[in-house]
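Numbering (my numbering), first residue to last: 51 to 395.
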């Protein structure tokens with residue numbers, strides 16, 4: 051894409067969000083991305099409320115916590131299911147909300163706490179701080195947030211350490227999942243902290259390195275993410291099991307980004323001399339929507355990467371609850387599929 055094309059892409063994205071291109075501050079730039087991510091691409095019938103009431107009471111404990119390090123602090127919610135036993139290490143899934151969301155909203159929409167009740171894992175929901183991003187987006191598009199030393203990656207990884215200090219956590223079964231901006235940050239965390247996260251789930255997200263500032267963020271969201279010479283996604287050194295969901299009608303984050311996450315993950319396994327065998331499955335109607343999934347198997351036959359493409363799906367969590375924002379009740383149950391992928395192998 052040449053500079054003129056990028057400029058036109060940014061102008062179209064800003065116009066679609068009802069915004070002007072001349073933004074005087076980084077804070078407003080972040081808010082612009084938040085508005086674009088949070089205002090478009092949700093089909094009729096999908097919930098798009100910016101906030102939701104506190105979720106219905108859960109049988110377990112839903113704790114409000116804060117973690118701080120030299121980079122700052124972040125609040126988070128931790129769900130501890132009734133079956134949790136302090137002497138028995140449990141899996142932990144870290145859930146990263148999208149723009150204009152918060153932990154309670156994301157928990158309500160994804161239904162992950164109910165799955166924790168069934169399967170006995172802990173769930174953490176870090177919260178972006180309004181001072182870091184006025185739209186509550188994780189700052190995936192800033193170059194210094196795409197590395198291990200970035201403030202947000204270090205804080206989220208630190209939340210895992212804080213939870214493990216107070217609860218019995220199985221260090222081999224810690225995973226991270228996210229929606230939209232949260233998905234982009236989840237991909238970053240898998241690459242930056244592969245010794246912490248054993249698996250990544252990216253729903254309607256973007257690959258690591260897709261952007262380095264606001265302009266390139268809009269270019270990646272509205273078109274295909276940039277690729278270096280040779281046509282392969284930007285290299286990431288860590289090979290981490292990855293599951294990807296993307297709707298092919300997503301008007302907020304171009305579906306090519308989902309495919310780029312898959313290609314990035316597959317390439318990482320191949321660089322580790324673990325070539326993957328592609329095993330596509332025929333499209334089928336799942337939850338009222340036609341969806342196709344493709345597995346990428348390692349030499350032992352284990353699924354290393356799984357891709358879901360949902361026909362007609364927009365920018366919303368598939369199989370989600372209208373109790374939360376940016377959800378689509380139809381399609382594959384993304385939460386259940388993520389848990390099965392993380393814990394089933």
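Every residue gets a Cβ at the ideal spot worked out from N, C-alpha and C, and that includes glycine.
For clarity, every value in this text was computed on a predicted model and none was experimentally measured.
- With a cut-off of 8 Å on Cβ pairs, the segment 310 to 323 is not in contact with the segment 366 to 378, counting fewer than three such pairs.
- With contacts defined by Cβ atoms closer than 9 Å, residue 175 and residue 207 do not form a contacting pair.
- DSSP, reduced to helix, strand and coil, places residue 119 within a strand of the structure shown.
- Just so you know, the alpha carbons of residue 241 and residue 328 end up roughly 22 Å apart.
- Using a Cβ distance threshold of 9 Å, residue 337 and residue 369 count as a contacting pair.
- A straight-line Cα-Cα distance of about 24 Å links residue 153 and residue 136.
- Residue 157 and residue 361 have their C-alpha atoms spaced approximately 25 Å apart.
- In the three-state DSSP reduction, residue 390 falls in the helix class (H, G or I).
- If you draw a straight line from the Cα of residue 203 to the Cα of residue 196, it comes to about 8 Å.
- Residue range 162 to 169 is occupied by the alpha helix (DSSP H) that includes residue 169, with no beta strand (DSSP E) assigned at that position.
- Taking every protein chain shown into account, the CB of residue 351 has fewer than 16 other CB atoms within 10 angstroms, so this residue is exposed.
- Beyond the five residues adjoining it in sequence on each side, residue 342 comes within less than 6 Å, by CB distance, of 333, 359 in the same chain, given in chain order.
- Of all alpha-carbon atoms in 217, 215, 247, the one lying nearest the alpha-carbon of residue 198 is that of 247.
- For residue 142, the uninterrupted beta strand (DSSP E) segment begins and ends at 140 to 146.
- Looking from the CA of residue 177, the closest CA among 149, 194, 216, 162 belongs to 149.
- DSSP places residue 224 in the uninterrupted beta strand (DSSP E) bounded by 219 to 229.
- Secondary structure of residue 247 (DSSP, three-state): coil.
- By the Cβ neighbour-count rule, residue 325 is exposed, with fewer than 16 other Cβ atoms within 10 Å of its own.
- Taking a 10 Å sphere around the C-beta of residue 120, we find fewer than 16 other C-beta atoms and assign the residue as exposed.
- In this structure residue 142 is in contact with residue 172, their Cβ atoms being roughly 5 Å apart against a cut-off of 8 Å.
- Excluding the 5 residues flanking it on each side, residue 387 has no same chain C-beta neighbour closer than 6 Å.
- DSSP places residue 263 in the coil class of the three-state scheme, outside both helix and strand.
- Straight across, the Cα-Cα distance linking residue 191 with residue 392 is about 26 Å.
- With a cutoff of 9 Å on beta-carbon distance, residue 348 and residue 319 are scored as near each other.
- In the structure shown, residue 197 falls within a coil segment according to DSSP collapsed to helix, strand and coil.
- With a contact defined as Cβ atoms closer than 8 Å, residue 236 and residue 259 miss out at about 14 Å.
- In the DSSP assignment, residue 192 falls outside any alpha helix (DSSP H), carrying neither H nor E.
- The C-beta distance from residue 252 to residue 233 rounds to 4 Å, short enough to fall under 8 Å.
- Residue 250 sits buried, since 16 or more C-beta atoms from the chains shown fall within 10 Å of its C-beta.
- Classified as exposed, residue 123 has fewer than 16 neighbouring CB atoms from the shown chains inside 10 Å of its CB.
- Per DSSP, the continuous alpha helix (DSSP H) segment holding residue 320 begins and ends at 306 to 321.
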